[in-house]
Structures are given as structure tokens and as C-alpha cells.
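Q: Here it is: the structure, laid out below.
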Amino acid sequence: MRYAMAVDTRKCVGCSDCVVACQTENNVPSGYCRDWVVEVMDGTYPQLEIEIRSERCNHCVNSPCVRCCPTGASHFAEGGIVLVTKNECIGCGACIASCPYDARFPHPDGYVDKCTFCNHRLKNGMKPACVEVCPTKCMYFGDLDDANRDVSVVLKKRKYKTLIPEAGTDPQLYFLI
Amino acid sequence: MKEELFVSGRMNHMIDPRLNIWHWQIPLYLFLGGMAAGILCFAALYYIRGKEKEFHTAVRITPFLAPVLLIIGLLCLLIDLRHKLFFWQLYTNIKLQSPMSWGAWTLMVITPVSFVWCALHLKDVFPGWNWKYKWLIALETFFNTYKRVLAWVMLAYGLILGVYTGILLSAFNARPLWNTSIMGPLFLASGLSAGAAATLILSKNAAERKHFAIIDLVIIGIELFLIIHMFMGFLASTQVQIEAAEMFLGGEFTVTFWIFVVILGLLVPALLEILELRKYHIPALISPLLVIFGSLALRFIIVHAGQVSRWLY
């Protein structure tokens with residue numbers, strides 16, 4: 025099993041519904057976020073190009089955060105999801121410094137927090153909150169090993185990119201372009 | 002032109018625009034740990050070589066600083082943790098891929114070893130020292146019998162401690178400035194020179210002082226080579242590392258780095274030591290204090306600048 029997410033940058037309008045859905049679903053403390061929206065403007069007026077991306081943890085295959093964690097609190101769960109065990113985390117910040125996507129933050133309670141791909145919802149057969157709530161249906165989520173899942177299908181049909189693959193992390197968040 | 006805007010969520014002073022997770026505690030610890038490593042390495046080395054008498058201060062007196070530095074360093078580490086009560090989780094497993102895990106276990110070994118080393122030399126500092134309890138005297142005899150083994154352990158773990166302070170940073174490929182294997186040797190050299198400087202401050206023996214002044218000179222040379230080598234490597238590397246180097250070559254860290262680390266921390270003390278070896282009269286404290294200051298400044302600037310350097314995407 026290999027969970028992955030694809031985000032259609034051509035459909036995303038940057039409404040930030042995914043951000044609010046995540047904050048509500050996961051009780052993210054105010055002022056913090058596990059996912060965020062980036063708008064990249066390219067070119068010079070009037071020839072401008074905009075790309076909008078809903079970003080979160082890339083749940084990398086070769087995760088620097090799991091590698092750097094001194095206690096094993098950062099670990100891989102089923103399907104390659106990168107998770108933090110609260111009571112094993114000492115809050116040293118090594119994983120935060122090691123993430124090229126800056127996807128982690130120190131929770132005010134002390135441990136380090138991040139996107140879980142809504143692991144608790146997956147267990148009940150539901151999709152992550154951000155995917156579920158998206159009004160433009162621009163996000164696809166599922167098991168890449170299953171060729172019939174919409175995420176596998178869309179990645180076969182469409183052109184895509186990942187973020188800084190040159191960092192050697194093998195990210196599992198795909199952006200359709 | 003390329004512009005990146007955060008539409009939501011990431012407008013967060015806790016994370017953006019800079020991911021600054023490590024403040025003063027980590028660089029201060031890296032300095033204290035490096036200096037303690039240097040002190041213990043020299044003590045062990047000269048003991049193993051049987052030069053206890055010639056290098057009385059380095060083997061018997063300066064090591065008394067090490068446990069103090071290590072304890073302050075450990076306190077810094079504890080203050081840095083955000084989930085402090087769970088610190089013992091460091092000692093429930095060994096993670097070979099995590100430099101921080103290596104460091105935690107190294108400290109677990111070298112801190113007690115440094116205490117034992119000092120205990121064995123208490124009589125040199127306080128001639129009338131009396132252990133009072135029989136079991137303490139028995140322990141002292143035991144460690145005195147195996148003092149050579151202890152010295153080898155201290156030398157090995159001292160080197161690991163010194164080099165790990167740099168490897169800790171170089172393991173983070175997310176921070177291009179740190180992500181160079183030069184960090185390990187550079188921090189080891191800087192720690193050794195701070196350790197030699199400590200002996201220079203404490204020693205009253207002219208021959209020992211001269212010896213350590215030459216050691217300091219050699220290490221300063223090595224450090225200068227490593228720094229130049231580091232920037233050459235960066236400039237010949239990828240765009241992110243070129244940008245990391247440019248922070249020091251015209252960017253925001255240029256003045257602090259070249260003035261505090263290179264000029265005041267390396268070149269001036271080297272010049273003063275050369276003049277002193279040529280029998281010019283120079284206040285003995287200036288040069289070692291500058292070396293220690295330069296070592297401290299190096300850690301602060303590298304840790305801070307590393308967190309500014311990042312991948313752009």
C-alpha cells in the first residue's frame with residue numbers, strides 16, 4: 025500500500041477551504057496549520073501566469089524527518105504515512121530543521137505536529153478532510169498500488185510534478201500541471 | 002520574475018518567513034560541547050603519550066573545566082526541548098541514522114568519564130584531599146588501575162563529540178548551508194582550538210604554553226583551509242548552495258562572519274601568537290580569549306544562517 029495525493033493546479037482556485045477543514049477536523053491550535061495554499065506568480069505584467077497549490081506534508085518515501093528523529097517518534101505508518109507519536113517526541117526540532125517543505129511545526133503542547141493524511145478518517149474508509157471538502161474537487165487521494173483508484177488513474181493520464189525532487193526525498197504529493 | 006504568495010495558513014510568524022526553530026541554546030551547546038571535547042582530547046592524548054609531567058595543566062588542570070561545560074551544555078539542550086518531560090525517550094533506543102541520537106549516547110558516556118577523570122586529579126588541585134569513605138578510595142584505586150583504558154575511551158568519545166556537533170548540522174539536506182561534510186571537521190577543529198586555548202589561559206609553564214600556542218596556530222591554519230574549501234565547494238555546487246554561500250559573500254552575514262569569526266577569531270590570534278613566539282611581549286590572555294570567542298561566534302552564525310538558507314520551489 026502506498027498512499028499518495030494529487031492536486032490539480034488547474035482546478036484549484038485557492039479558496040483555502042482545505043486549510044480550514046484541516047484545522048477544524050484535527051483541532052489544529054489557532055495560528056498554526058498543517059496544510060496551506062501557495063500562489064506562485066510568474067512573468068511580467070501583462071504576461072502573467074499563476075499557479076495555485078494546496079500544500080501539506082509530502083509523506084516522502086525517503087523522509088529526512090524520520091531519519092533525523094533521535095527517538096523514533098517520527099515513523100512510517102501503514103501506506104507510507106509519516107506520523108509523530110506524541111509521547112515519544114521530545115520536541116528537539118531536528119525534524120523541523122530537516123524538512124525541505126517546512127511542513128512541520130512545534131505544537132504549543134510541546135510535541136511536533138504535522139499532516140497525518142487524516143489517518144483516523146482513512147481507518148473508517150473516509151478520505152482526508154481537505155480532499156472531502158474541496159469545492160472544485162481538485163484533490164485526488166488513494167492507494168497508488170491500486171491501479172483503479174482515481175489518484176492512480178489521474179497520474180497516468182495527466183502531466184504532473186513534485187516539489188523539489190532534487191532534495192532526494194521522493195515526495196508523494198503530486199501536482200497536476 | 003517569480004513571486005510566491007501564501008494565500009492562507011502559512012501567514013504565521015511562528016514559521017514564516019524564516020523557519021527558526023533553534024535559538025541560542027543549540028549554538029551555545031555546540032560551542033560548550035566542542036570546547037569540552039577539545040579539552041578532553043588533549044588531556045587523554047598527552048596522558049596516553051606519557052607526557053603528564055610536561056603537560057601538567059593540559060592533563061590535570063584544564064579537564065576540570067570539561068564537566069562544568071558539559072553540564073551547562075546539557076542544561077541548554079534541556080531548555081531547548083519543547084517536550085522536556087519526555088527527554089528520556091532519547092535513551093530508549095539507538096537510532097544509527099540520527100546524529101542527535103549518536104550525540105545523546107556520546108554525552109551519556111563522556112560526561113561521566115570527564116567526572117571520573119577530574120576525580121582522579123582532585124589531589125593535584127587540592128593537595129590535602131581525602132575521600133573519607135572506603136568505597137570511594139576503592140573506586141579511585143580501580144580507576145587508577147585502568148586509567149589508560151579510561152584515557153582511550155575519553156580520546157575516542159572526545160573526537161566523536163567534537164565531530165558530531167558538526168555532523169548534526171550537515172545531516173540536514175533541507176538547509177543547504179549546513180548540508181556539507183566540511184561541517185564535521187570544521188566544528189571539530191574549532192572545538193580543538195578552543196580546548197587548546199583553555200590550556201593556554203590556565204598554564205603557567207612556558208614550555209607548555211609554547212607547545213599549545215603552536216598547536217593553536219596549526220589548527221587555525223586548518224580552520225582557514227576548511228572555511229575556504231567550504232565556500233569553494235558551495236560556489237561549485239547547486240543553486241541553493243551558491244545562494245547559501247552568497248549570504249557570506251556579500252549577503253546579510255558577510256560582516257559578522259568575516260569580522261568576528263575570521264578576523265577576530267582566527268587571523269588576529271594567529272598574528273598575536275606568531276609575535277609572541279618571536280618573543281614580542283603580548284598580554285597572554287588576549288589571543289586564547291579571541292580564539293574562544295571566534296569558536297563561539299562560528300557556532301552562532303552557522304546555526305542562525307543555516308536556518309535562513311533553504312530550498313526555493
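Protein sequence lines correspond, in order, to chains E and X.
When you read off a place in the first sequence, starting at 1, and then add 24, the result is the number in my numbering.
When you read off a place in the second sequence, starting at 1, and then add 1, the result is the number in my numbering.
Every residue gets a Cβ at the ideal spot worked out from N, C-alpha and C, and that includes glycine.
Can you find the residues in the same chain that come closer than 6 Å, C-beta to C-beta, to THR200(X), ignoring five residues on each side of it along the sequence?
A: Against the second sequence, residue 200(X) aligns to sequence position 199. Only THR58, ALA59, THR63 and PHE213 meet the Cβ criterion.
Q: Give, in chain order, every residue of the region 184 to 197 of chain E whose Cβ lies closer than 7 Å to some Cβ of chain X.
A: The residues in question are LEU187, ILE188, ALA191 and GLY192.
Q: Would you call TRP312(X) buried or exposed, if buried means 16 or more other Cβ atoms sit within 10 Å of its Cβ?
A: Mapped onto the second sequence, residue 312(X) falls at position 311. Buried, since its Cβ has 16 or more Cβ neighbours within 10 Å.
Q: Give me the Cα-Cα distance between ASP32(E) and LEU200(E), rounded to the nearest whole angstrom.
A: Start at 1 with the first residue of the first sequence, and residue 32(E) comes out as number 8. Start at 1 with the first residue of the first sequence, and residue 200(E) comes out as number 176. Each residue's Cα considered, the two are about 5 Å apart.
Q: Compute the Euclidean distance between the alpha carbons of HIS282(X) and VAL309(X), then round it to the nearest angstrom.
A: Residue 282(X) sits at position 281 when you count from the first residue of the second sequence. Residue 309(X) sits at position 308 when you count from the first residue of the second sequence. For HIS282(X) and VAL309(X), the distance between alpha carbons rounds to 43 Å.
Q: Which residues, in chain order, does the region 120 to 146 of chain E contribute to contact with chain X at a C-beta distance below 7 Å?
A: Going along the region 120 to 146 of chain E in chain order, one finds ILE120, ALA121, SER122, CYS123, PRO124, ASP126, PHE129, PRO130, GLY134 and TYR135 with a Cβ nearer than 7 Å to chain X.
Q: So with CB distances below 8 Å, who are the chain E contacts of LYS96(X)?
A: As a position in the second sequence, residue 96(X) is number 95, starting the count at 1. In chain order: CYS93, PRO94, THR95 and GLY96.
Q: Give a yes or no on whether the C-beta atoms belonging to LEU121(X) and PHE144(X) are separated by under 8 Å.
A: Here the question's residue 121(X) lines up with position 120 in the second sequence. Here the question's residue 144(X) lines up with position 143 in the second sequence. Against a cut-off of 8 Å, the Cβ pair of PHE144(X) and LEU121(X) comes out as a contact.
Q: So, is THR166(X) buried or exposed, given that buried needs 16 or more other C-beta atoms within 10 angstroms?
A: The residue labelled residue 166(X) in the question sits at position 165 within the second sequence. Buried, since its Cβ has 16 or more Cβ neighbours within 10 Å.
Q: Tell me whether GLU53(X) sits in a helix, a strand or coil according to DSSP, three-state version.
A: For the purposes of this step, residue 53(X) is taken as the residue at position 52 of the second sequence. GLU53(X) falls in the coil class under three-state DSSP.
Q: Would you identify the three-state DSSP class for ARG26(E), choosing helix, strand or coil?
A: The residue you call residue 26(E) lines up with position 2 of the first sequence. Residue state, collapsed to three classes: coil.
Q: For chain X, find out if any of its Cβ atoms is closer than 8 Å to the Cβ of ALA171(E); answer yes or no.
A: The residue you call residue 171(E) lines up with position 147 of the first sequence. Answer no: the Cβ-Cβ gap between ALA171(E) and chain X never drops below 8 Å.
Q: Under 8 Å, Cβ to Cβ, is there at least one residue of chain E near SER99(X)?
A: In the second sequence, residue 99(X) corresponds to position 98, counting from 1. Chain E, which has a Cβ nearer than 8 Å to the Cβ of SER99(X), makes this yes.
Q: Classify LYS138(E) as buried or exposed, calling it buried when 16 or more other Cβ atoms lie within 10 Å of its own Cβ.
A: Here the question's residue 138(E) lines up with position 114 in the first sequence. The residue is buried, with at least 16 neighbouring Cβ atoms inside 10 Å.
Q: Per DSSP, TRP60(E) is paired with what?
A: Start at 1 with the first residue of the first sequence, and residue 60(E) comes out as number 36. Looking at the DSSP assignment, TRP60(E) forms a beta bridge with GLU79(E).
Q: Can you grab the Cα-Cα spacing for the pair VAL62(E) / ILE111(X), in whole Å?
A: The residue given as residue 62(E) occupies position 38 in the first sequence. The residue given as residue 111(X) occupies position 110 in the second sequence. If I take the Cα positions, the gap works out to 47 Å.
Q: With a threshold of 16 other CB atoms inside 10 Å of the CB of LEU272(X), please say whether the residue is buried or exposed.
A: In the second sequence, the residue the question calls residue 272(X) occupies position 271. With fewer than 16 Cβ atoms within 10 Å of its Cβ, LEU272(X) is classed as exposed.
Q: Hey, out of ILE76(E), VAL157(E), ARG58(E) and ALA97(E), whose CA is closest to ASN82(E)'s CA?
A: Position 58 of the first sequence holds residue 82(E). The shortest C-alpha separation from ASN82(E) is found at ARG58(E).
Q: Unbroken beta strand (DSSP E) runs of length 3 or more, entirely within the region 111 to 172 of chain E: which are they?
A: Qualifying beta strand (DSSP E) stretches, in chain order: 163 to 167.
Q: Tell me whether the beta-carbon of ASP174(E) lies closer than 8 Å to the beta-carbon of TYR164(E).
A: Along the first sequence, read from residue 1 onward, the residue named residue 174(E) stands at position 150. Along the first sequence, read from residue 1 onward, the residue named residue 164(E) stands at position 140. Contact: yes.
Q: Counting only C-beta atoms, is PRO70(E) closer than 8 Å to chain X at any point?
A: For the purposes of this step, residue 70(E) is taken as the residue at position 46 of the first sequence. For PRO70(E), the answer is no, since every Cβ of chain X falls outside 8 Å of its Cβ.
Q: Inspect the CB distances between the region 32 to 40 of chain X and the region 67 to 86 of chain X and report whether three or more fall short of 8 Å.
A: Contact holds: three or more Cβ-Cβ distances are below 8 Å.
Q: Helix, strand or coil for VAL52(E) per DSSP?
A: Here residue 52(E) corresponds to residue number 28 of the first sequence, with the count starting at 1. Residue state, collapsed to three classes: coil.
Q: On the premise that LEU189(X) lies in contact with GLY163(X), defined as a C-beta separation below 8 Å, what is that separation, rounded to the nearest angstrom?
A: Within the second sequence, the letter at position 162 stands for residue 163(X). Within the second sequence, the letter at position 188 stands for residue 189(X). Between LEU189(X) and GLY163(X) the Cβ distance is about 4 Å, and since that is below 8 Å, they are a contact.
Q: Apart from the five residues just before and just after VAL292(X), which ones in its own chain have a Cβ nearer than 7 Å to its Cβ?
A: The sequence position of residue 292(X) within the second sequence is 291, counting from 1. Within the same chain, VAL292(X) has close Cβ partners SER194, ALA195, ALA198, ASP217, GLY266 and PRO270.
Q: Within 10 angstroms of its Cβ, does ALA298(X) collect 16 or more other Cβ (buried), or is it exposed?
A: Stepping through the second sequence from its first residue, residue 298(X) is reached at position 297. Buried.
Q: Let me see if you follow: with CB-CB separation under 8 Å, is GLY10(X) close to chain E or not?
A: Counting from one through the second sequence, the residue named residue 10(X) turns up at place 9. With a pLDDT of 47 at GLY10(X), under the threshold of 50, the modelled position of this residue cannot be trusted; read the value that follows with caution. Yes, GLY10(X) counts as interfacial toward chain E.
Q: In chain order, what are the residue ranges of uninterrupted alpha helix (DSSP H) at least 4 long that sit wholly in the region 139 to 220 of chain X?
A: You should have 148 to 171 and 184 to 203.
Q: Please list the terminal residues of the continuous beta strand (DSSP E) segment that includes PHE100(E).
A: Residue 100(E) sits at position 76 when you count from the first residue of the first sequence. Residues 98 to 100.
Q: Need the endpoints of the alpha helix (DSSP H) that LEU297(X) sits in, please.
A: Taking the second sequence and counting its residues from 1, the one referred to as residue 297(X) is at position 296. Here the alpha helix (DSSP H) through LEU297(X) covers 287 to 309.
Q: Look at the alpha carbon of LEU276(X) and the alpha carbon of CYS113(E), and state the distance between them as a whole number of angstroms.
A: What you label residue 276(X) is simply residue 275 of the second sequence in a count that begins at 1. What you label residue 113(E) is simply residue 89 of the first sequence in a count that begins at 1. Cα to Cα, LEU276(X) sits roughly 52 Å from CYS113(E).
Q: Where GLU190(E) and HIS131(E) are concerned, what is the direct C-alpha to C-alpha distance, given to the nearest angstrom?
A: Taking the first sequence and counting its residues from 1, the one referred to as residue 190(E) is at position 166. Taking the first sequence and counting its residues from 1, the one referred to as residue 131(E) is at position 107. Going from the Cα of GLU190(E) to the Cα of HIS131(E) covers about 29 Å.
Q: From the DSSP output, in three-state form, read off THR68(E) for me.
A: Indexing the first sequence from 1 puts residue 68(E) at position 44. In this structure, THR68(E) counts as strand in the three-state DSSP scheme.
Q: Out of PRO159(E), ASP167(E), TYR69(E) and PRO53(E), which has the shortest C-alpha to C-alpha gap to GLY149(E)?
A: In the first sequence, the residue the question calls residue 149(E) occupies position 125. When each option's Cα is compared against that of GLY149(E), the closest is ASP167(E).
Q: Kindly list the residues whose CB is nearer than 6 Å to the CB of ARG176(X), restricted to its own chain and excluding five residues on each side of it in sequence; keep chain order.
A: For the purposes of this step, residue 176(X) is taken as the residue at position 175 of the second sequence. Excluding sequence neighbours, ARG176(X) sits near GLY307 and SER310.
Q: Give the C-beta separation of ASN94(X) and GLY96(E) to the nearest angstrom, bearing in mind that I take them to be a contact with Cβ-Cβ under 8 Å.
A: As a position in the second sequence, residue 94(X) is number 93, starting the count at 1. As a position in the first sequence, residue 96(E) is number 72, starting the count at 1. Contact flag correct, Cβ pair sits at about 5 Å.
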